[in-house]
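Note that the UniProt record's numbering has the sequence shown beginning at 1, numbered continuously upward. The beta carbon of each residue, even a glycine, is placed where N, CA and C say it ideally should be. Please read all numbers here as calculations on a predicted model, not as lab measurements. Comments concern the structure below.
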Amino acid sequence: MAIAGAGAALALVGCADDGVGAAPTPTPAGPPVEVPKAKVPVGGGVVLEKRYVVTQPSTGEYHAFTKVCPHGGCAVSFVKNQQIVCACHGSEFSITDGARTAGPARKGLTAAPVTESGDNLVIG
Ligand code: FES
1 MAIAGAGAAL
11 ALVGCADDGV
21 GAAPTPTPAG
31 PPVEVPKAKV
41 PVGGGVVLEK
51 RYVVTQPSTG
61 EYHAFTKVCP
71 HGGCAVSFVK
81 NQQIVCACHG
91 SEFSITDGAR
101 TAGPARKGLT
111 AAPVTESGDN
121 LVIG
């Protein structure tokens, strides 16, 4: 079982690096977000209402990323075919490490810490 994490301050996430459109809204800081493990499909993931996208590339391997697209600051839209997709301009990111795999973004999503708490995941 693997838990991904990063110590990056969430308040620093969300600055556009590609000069597209207006400056994105920084990810607001806030309390950790909890999600039932059962809502995160194996081989996929789910974009949460609050701040994060959570993935499970293989059974029991969870990762979370801030959902602010590094291209222009849109929130990523959905997870499909093992990719996190930003529908604004078509950037795609790996569900395993958030790395950019397609589209105009020049860097990947920012990892967020995930811990397990019983049947839930706690992110942030
Ligand atoms: S904001 Fe442009 S691809 Fe996400």
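Burial check for Pro36: the Cβ neighbour count within 10 Å stays below 16, so the residue is exposed. Closest in C-alpha terms to Leu48, from the list Phe78, His71 and Phe93, comes Phe78.
The alpha carbon of Cys88 has as its nearest neighbour, out of Pro70, Ser94, Lys50 and Lys107, the alpha carbon of Pro70.
Residue environment: Val42 is assigned as exposed (fewer than 16 neighbouring CB atoms within 10 Å of its CB, all protein chains considered). The residue among Tyr52, Ala105 and Pro31 with its C-alpha nearest the C-alpha of Ala112 is Tyr52. Asn120 and Gly30 have their C-alpha atoms spaced approximately 18 Å apart.
In this structure Val33 is not in contact with Val46, their Cβ atoms being roughly 12 Å apart against a cut-off of 8 Å. Under the DSSP assignment, Pro32 falls outside any beta strand (DSSP E); it carries neither an H nor an E label.
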